[in-house]
Every structure is written in structure tokens, then in C-alpha cells.
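Chemist:
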Amino acid sequence: MAHLEFEKPLVELEQRIRDLKSVSDEMGDLDAGIADQIRELEARADRIQRELYEELSVWHKVQLSRHPDRPYFLDYLDAVFEDFVELHGDRAYADDAALVAGFARFDGRTVAVIGHQKGRSTKEKVKRNFGMAHPEGYRKACRVMELAERFGRPVLTFIDTPGAYPGLGAEERGQSEAIGHSLLVMSRLGVPIIATVIGEGGSGGALALGVANRVLMLQYSTYSVITPEGCASILWRDGARGPDAAEQLKLLAGHAKNNGIVDELVSEPTGGAHRDPADAAERLAEALRRHLAELDAMTPEQRIEQRYAKFRAMGPFVDAAG
Amino acid sequence: MAWFTKTKVSEPSQKKTLGEGVFRRCDTCGATLKAEEFEANLEVCPGCGHHYRLSAEAWIELLLDPGSWVEHDAGLQATDPLGFVDSKPYRQRLEASRKKTGHQDALLAGDGTLNGRPIQLGVFLFRFMGGSMGSVVGEKITRLFERGLEKNQPVVLLSASGGARMQEGALSLMQMAKTVAALGRLRDAGLPFISVLLHPTTGGVAASYALLGDVNIAEPRALIGFAGPRVIEQTIRQKLPEGFQRAEFLLEHGMVDRIAHRHEMRATIARLLSHFLD
Numbered sequence: 000m001a002h003l004e005f006e007k008p009l010v011e012l013e014q015r016i017r018d019l020k021s022v023s024d025e026m027g028d029l030d031a032g033i034a035d036q037i038r039e040l041e042a043r044a045d046r047i048q049r050e051l052y053e054e055l056s057v058w059h060k061v062q063l064s065r066h067p068d069r070p071y072f073l074d075y076l077d078a079v080f081e082d083f084v085e086l087h088g089d090r091a092y093a094d095d096a097a098l099v100a101g102f103a104r105f106d107g108r109t110v111a112v113i114g115h116q117k118g119r120s121t122k123e124k125v126k127r128n129f130g131m132a133h134p135e136g137y138r139k140a141c142r143v144m145e146l147a148e149r150f151g152r153p154v155l156t157f158i159d160t161p162g163a164y165p166g167l168g169a170e171e172r173g174q175s176e177a178i179g180h181s182l183l184v185m186s187r188l189g190v191p192i193i194a195t196v197i198g199e200g201g202s203g204g205a206l207a208l209g210v211a212n213r214v215l216m217l218q219y220s221t222y223s224v225i226t227p228e229g230c231a232s233i234l235w236r237d238g239a240r241g242p243d244a245a246e247q248l249k250l251l252a253g254h255a256k257n258n259g260i261v262d263e264l265v266s267e268p269t270g271g272a273h274r275d276p277a278d279a280a281e282r283l284a285e286a287l288r289r290h291l292a293e294l295d296a297m298t299p300e301q302r303i304e305q306r307y308a309k310f311r312a313m314g315p316f317v318d319a320a321g
Numbered sequence: 000m001a002w003f004t005k006t007k008v009s010e011p012s013q014k015k016t017l018g019e020g021v022f023r024r025c026d027t028c029g030a031t032l033k034a035e036e037f038e039a040n041l042e043v044c045p046g047c048g049h050h051y052r053l054s055a056e057a058w059i060e061l062l063l064d065p066g067s068w069v070e071h072d073a074g075l076q077a078t079d080p081l082g083f084v085d086s087k088p089y090r091q092r093l094e095a096s097r098k099k100t101g102h103q104d105a106l107l108a109g110d111g112t113l114n115g116r117p118i119q120l121g122v123f124l125f126r127f128m129g130g131s132m133g134s135v136v137g138e139k140i141t142r143l144f145e146r147g148l149e150k151n152q153p154v155v156l157l158s159a160s161g162g163a164r165m166q167e168g169a170l171s172l173m174q175m176a177k178t179v180a181a182l183g184r185l186r187d188a189g190l191p192f193i194s195v196l197l198h199p200t201t202g203g204v205a206a207s208y209a210l211l212g213d214v215n216i217a218e219p220r221a222l223i224g225f226a227g228p229r230v231i232e233q234t235i236r237q238k239l240p241e242g243f244q245r246a247e248f249l250l251e252h253g254m255v256d257r258i259a260h261r262h263e264m265r266a267t268i269a270r271l272l273s274h275f276l277d
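One line per chain: the protein sequences are A and B, in this order.
If you read the first sequence in numbering that gives the first Met the number 0, its first letter stands for residue 0, the second for the next number, and so on.
If you read the second sequence in numbering that gives the first Met the number 0, its first letter stands for residue 0, the second for the next number, and so on.
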């Protein structure tokens, strides 16, 4: 288990509890002193956990959204969906492993599932390009969304990316056009679309999977116009001031809800999804099920109209001309 | 309506004054010429053809029939939804840009005619916070597409923007979805959208409607891309090749339809609209 600096007291306490338990197991569990000690430590762990997560700073929450043990798209896919058939490639250039797409069953019915995928091991991280998709990734997503439309299957997307990849090949092959095109395709689908930000909702690369009838965010996920580090590097020419930029960007799930860009926050187990992935997946499934049922009741025209009106209303301004 | 001719401004950094300020030196070829020669040549260096920035007002004058421009939504003003403060508060930045440009935000939008044909025209003001797209710019572009749809007119939009406006956070990001959705409706109605890519067009503006023109026309040497060159260099840790992300590079890689010299821009747009609509 990897852990963040602020999680350390809790993780250490839990380790001590585990150690004591194994000692008590070896001794045949009859030592009342050890049992008392374990109970006391468990109570303390509980208290620390609650206190710790009640007063997390913005930056702590940003770190949680990027936690190395946080469940990724494929973890939720395993936990919530069945019979997943992955579809590869954009039929034009390549297959992009940073963005996974295909069809699967959710409560027995077929849905298209599309999401960014990060890697956990070094090898896997490189293969997945840290969840930063190239144009061919977004073009694959569009291809699968259009397939879903043809066969009348809802589209569920899962957003978890620092951003679309900024590199030579990405520019040569039209990263801008690929993202713009994805926004266009999503805005016109008649089937239900639900997007969930499960980790990092980084900029245009995130929004490219985010034009949905319902936008959900997990409690410790973020949605931002730019990474805090990128913002700091532009504003202060110092990427190390990410924590300062994070304060300004209002990128937490709660901010997104207040600003009207997401419909629902899906709460996570205490301490974050990584502390109980099965529970996190169950909470996500419940929210998806509920929203999907609402969208099922609408006609394709109503869904297109609702999606348009929803994004049409985003962004405050005043009219000085009256 | 030529109210804007007096406010024609070129970028100070590109303007080198000698003595009384009647001469300008081209930073690209080094030629020193009378300032009027640059202006008469639409801010294109008469020596080497380098395109300097033309003000939004001058673009409107260049593209539209005289007196046909009617501006819309000029009163839309940004709020400060995040209370954003970096080295300066966002509200102060807005105020400074309003003072500098005489406009409320980074886009002018309106009706006009081009060779007698009614069109909807939008032009970015790069001098207003780097032409960044926040809620006001997003709203004005959305209304531009919607007016095109309502009035059954083509839309011509000249972009020059660093991308989404950081100071409005994710609300700026959402303008990408909002503008593209409106463009989709224009498309469905069979109305053309001519996207003109000026220097520079990057970030959230490039990655939304700007490269989705029915025709994408770029100015020579305009920088057009998703990520800024500095970000890419930091990511890949090497110098970028000469000409990377310039209009010619995009033409070569199939991302823009044409590059048009500023003198040819009006005629190019007019010919395309005629091909689509006459």
C-alpha cells in the first residue's frame, strides 16, 4: 500500500494493530491485555481517521484524487460491470491504451463504457501514458459512442486524466480537432450519456468525455481548467506553487457542484475510495443506476435537448446593457 | 460605421519607434519603413510579408461592407465567480483590459454583410487578457452560432486566443462544450461555419469549435495548437523543431484547409460562401 504524507499517522497505527493482531493470533488469542490494547488502538485509529478527513486542505484533496492506490476505470469496470468486450483503435492511426473503450453489461443490460486509464506499476504507467490520451484515443472514444448510438446503447464515461497529452505526435495528429470533435459527437447523441469524474478531471482531455446528460463526481475527485502545477507555472513561472494555484482554481467536487457544472457528488468511503474500493464501486453503481433510470424515460430528442440546455446555462455573466 | 479606424493598434512589442515615431522596424526582416506603409498594408510587412496583429476593429473593416457592422451583446460582462487572485485580482485584470481595449471582454460579435451577403461575424480581441475564453466569450460565441441559425446566415469567426480563461476555472472549460454544441446546431441546419485561425489559437479555443470549421483558414505563420510550445518542451524535454505548430505545419498535417494571406482573406471567405450557398 502506498500512502500520502498526511495519511501516515493513520497508516502507521493500522500497521501496529495488524502487528498486535498477528502476535495475539500466535499466542492463541487468550491474552486479554493485547486484546484491550487492540481495541484501544482501533478506537484511536477511528478517531484519527475522522479528524484527519474532516480538515483536509484543498491540496490534500487534490492528492487524494491522484492517490496511487485510488481505484482506476478498469477497477470500477471489474467491480460494477460484466461481460466487458474491449474495442481497440481509431481505425485511422493507432490504439491508445490511455483511453479504454468497449461494451459491457450493467445490471444485465448492454452499455458502452469509455474511460481514461492510468497505470499502477511503472511499466503499466508508461503503457497507459499516465492516463494522458492522444488524438487516436479520443477518436476511438467517438467511434465507440457512435456505435452505441447506432445500437441504442447508453454511454457511460469515466474521467480520470491529468489532461490530454501535450506532445509532438499529439499536435501532428490534431489533438485540438480530436477533442473538439468529441465534444461535438457527445452533444448530438440521442442515447443517454452519464459521465463520472472518478479521479482527475484535467482540462479539455477530461471534458472530451464529459458532455453528458448527467455529470457525476466522486467526492475526492477534481475538475479543472488546467492542472494546479500548469496554472502555477503560467501565473508565477513556478510549477512548485501548485498548492497555491489549487486554492484559486476551485477545482474540488464541492466547488463544481456549487458552480453548477456537476449534477451529483457521489460520496466515498471515509478516507477515500482507495480505503474501501468495493464500497466505493457500490456507491458509484447505485448513482449510475438511478440516473440511468431517469434518462431511460426520455426520448432521444429530449435527451439531446436536455444536454444542450444543461451546458447552455453554464457560466455566469451580467448584461450591462440591461 | 468607421468608428474603429481611429483605434487601430498594433502590438507595442512589434512596434519600434525611431525619433518621432513615424518609422517602424520589422522584427522579422529588419526593414525600417514608414509606419503608414505598415498600416496601409494591413499590418503586413511590405518587405518580407510577415503578418503582424491586426486589431479586431480593423478586421471588421477589412471583411465587411462599409457601414454594415452592427455589434451584438456588447454589454455582456464577466463576473468573478471564483474570487480569483494571483499577482492581481481577476476583477482588476478585467478592469485594466476594459480600459485598454474599450470593450467589455475578449470578443466582438455582430451582424454585417460581405459582398452584400448577410453574415454573422465574430472577432477575438487578443489584447483583452490574451483573448482568453471565459463565460462571456463563450456566451457570445454561442449566441453568434444561435443567431446564425435563427437568421439563416453563415458564421465567420476569427480566433486569436491563448485558450480557456484560468481565472474562471472549470466554468471556462465548460464554454468549450457550450460553443461546440451550438455549432452542431448550425451544422444541422446546413449553414456554413468558416473558422479563421489567427496568431495564436491554442488551448481550449483550439480544442473546441476553432478546428471544427467547415473550412479552417489560417493566417501565414499563425501558431495553432492544443498545448503551448513551452508546455510541450517541458513535457518532452527537448527543443521543438522550427515551424512546429505554425499554420504551414498544420496545412502539411492536414488540419487546416488553406492558408490565406491577409490581402486574400476577404476574397477567400467570399468565394467559399458563394460555393456553399449560391
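Glycine included, C-beta positions come from ideal geometry on N, C-alpha and C.
Any idea which residues DSSP pairs Phe-105/A with across the strands?
Modeler: Arg-108/A
Chemist: Just how far apart, CA to CA, sit Glu-199/A and Ser-220/A?
Modeler: Cα to Cα, the separation comes out at about 6 angstroms.
Chemist: Would you kindly check if the distance between the Cβ of Arg-186/B and the Cβ of Leu-222/B is under 8 angstroms?
Modeler: no
Chemist: Along the region 169 to 188 of chain B, where does the CB come closer than 9 angstroms to a CB of chain E? Name the residues.
Modeler: Checking the listed chains, one finds no chain E in this structure; the protein chains it contains are A and B.
Chemist: I'd like to know if Ile-225/A contacts chain B, where contact means its C-beta is closer than 8 angstroms to some C-beta of that chain.
Modeler: yes
Chemist: Could you list which residues in chain B have their beta carbon closer than 7 angstroms to that of Lys-249/A, in chain order?
Modeler: Leu-81 and Gly-168
Chemist: What is the DSSP secondary structure of Gly-109/B, reduced to helix, strand or coil?
Modeler: strand
Chemist: Hey, how far is the Cα of Asn-258/A from the Cα of Glu-246/A?
Modeler: Straight across, the Cα-Cα distance linking Asn-258/A with Glu-246/A is about 15 angstroms.
Chemist: Are the region 268 to 282 of chain A and the region 93 to 108 of chain B touching by the rule of at least three beta carbon pairs closer than 8 angstroms?
Modeler: Result no; under three Cβ-Cβ pairs closer than 8 angstroms.
Chemist: Here's the rule: buried if 16 or more other CB atoms are within 10 angstroms of the residue's CB, otherwise exposed. What is Lys-126/A?
Modeler: exposed
Chemist: With a threshold of 8 angstroms, are at least 3 pairs of Cβ atoms found where one atom belongs to the region 208 to 217 of chain B and the other to the region 182 to 196 of chain B?
Modeler: yes
Chemist: Step through the CB atoms of chain A and report whether any lies within less than 8 angstroms of the CB of Glu-149/B.
Modeler: For Glu-149/B, the closest Cβ of chain A is not nearer than 8 angstroms.
Chemist: Using three-state DSSP, classify Gly-29/B as helix, strand or coil.
Modeler: coil
Chemist: Based on Cα-Cα distance, which residue from Ile-140/B, Arg-236/B and Val-154/B lies nearest to Leu-271/B?
Modeler: Val-154/B
Chemist: What did DSSP end up calling His-180/A once you bin it into helix, strand or coil?
Modeler: helix
Chemist: By DSSP, does Tyr-307/A sit in helix, in strand, or in coil?
Modeler: helix
Chemist: I'd like to know if His-198/B contacts chain A, where contact means its C-beta is closer than 8 angstroms to some C-beta of that chain.
Modeler: Not closer than 8 angstroms to any Cβ of chain A, the Cβ of His-198/B fails to qualify, so no.
Chemist: Quick check for students: name the residue ranges of the alpha helix (DSSP H) that lie wholly in the region 108 to 171 of chain B, counting only runs of 4 or more.
Modeler: 134 to 150
Chemist: Among the residues of its own chain, which have a CB less than 6 angstroms from the CB of Leu-294/A, if the five just before and after it don't count?
Modeler: Sequence-distant partners of Leu-294/A (beyond 5 residues in either direction) whose C-beta falls short of 6 angstroms from its own C-beta, in its chain, are Pro-191 and Asn-212.
Chemist: Is Glu-135/A buried or exposed, if buried means 16 or more other CB atoms sit within 10 Å of its CB?
Modeler: Counting the other Cβ atoms within 10 Å of the Cβ of Glu-135/A gives 16 or more, which makes it buried.
Chemist: Any idea what DSSP makes of Met-216/A, helix, strand or coil?
Modeler: strand
Chemist: What did DSSP end up calling Val-210/A once you bin it into helix, strand or coil?
Modeler: coil
Chemist: Where are the beta strand (DSSP E) runs, 3 residues long or more, that stay fully inside the region 51 to 94 of chain B, in chain order?
Modeler: If we require 3 residues or more, the beta strand (DSSP E) runs fully inside the region 51 to 94 of chain B come out as 69 to 71 and 75 to 77.
Chemist: Suppose you measure from the CA of Gly-162/A to the CA of Val-21/B; what does that come to, to the nearest Å?
Modeler: 47 angstroms
Chemist: Taking Cβ positions, are Glu-267/A and Leu-217/A nearer each other than 8 angstroms?
Modeler: yes
Chemist: At 4 residues or longer, and completely inside the region 8 to 49 of chain A: list those alpha helix (DSSP H) runs for me, N to C.
Modeler: none
Chemist: Distance, Cα to Cα, Met-185/A vs Glu-251/B?
Modeler: 29 angstroms
Chemist: Distance cutoff 8 angstroms, beta carbons only. Does Ile-140/B sit that close to anything in chain A?
Modeler: no
Chemist: Could you tell me how far apart the beta carbons of Leu-41/B and His-262/B are, in whole angstroms, since I believe they sit closer than 8 angstroms?
Modeler: 7 angstroms
Chemist: My output table needs one value for Lys-7/B: the three-state DSSP class, helix, strand or coil.
Modeler: For Lys-7/B, the predicted model reports a pLDDT of 37, less than 50, meaning its position is unreliable; a value from the coordinates is still stated below. Three-state result, Lys-7/B: coil.
Chemist: CA-CA distance, Ile-235/B and Gly-166/A?
Modeler: 7 angstroms
Chemist: Please report the straight-line C-alpha distance between Glu-247/B and Ala-252/A, rounded to a whole angstrom.
Modeler: 41 angstroms
Chemist: Compute the Euclidean distance between the alpha carbons of Cys-230/A and Asp-24/A, then round it to the nearest angstrom.
Modeler: Rounded to the nearest angstrom, the gap between the Cα atoms of Cys-230/A and Asp-24/A is 52 angstroms.
Chemist: Whose CA, out of Leu-86/A, Thr-121/A, Ile-197/A and Gly-201/A, lies closest to the CA of Phe-157/A?
Modeler: Of Leu-86/A, Thr-121/A, Ile-197/A and Gly-201/A, the residue nearest in Cα terms is Ile-197/A.
Chemist: Give me the residue from Ala-205/B, His-49/B and Val-135/B with the minimum Cα distance to Arg-311/A.
Modeler: When only C-alpha atoms are compared, the closest one is Val-135/B.
Chemist: So the alpha helix (DSSP H) Tyr-137/A belongs to, where does it begin and stop?
Modeler: Membership of Tyr-137/A in the alpha helix (DSSP H) is indicated by the continuous run 134 to 149.
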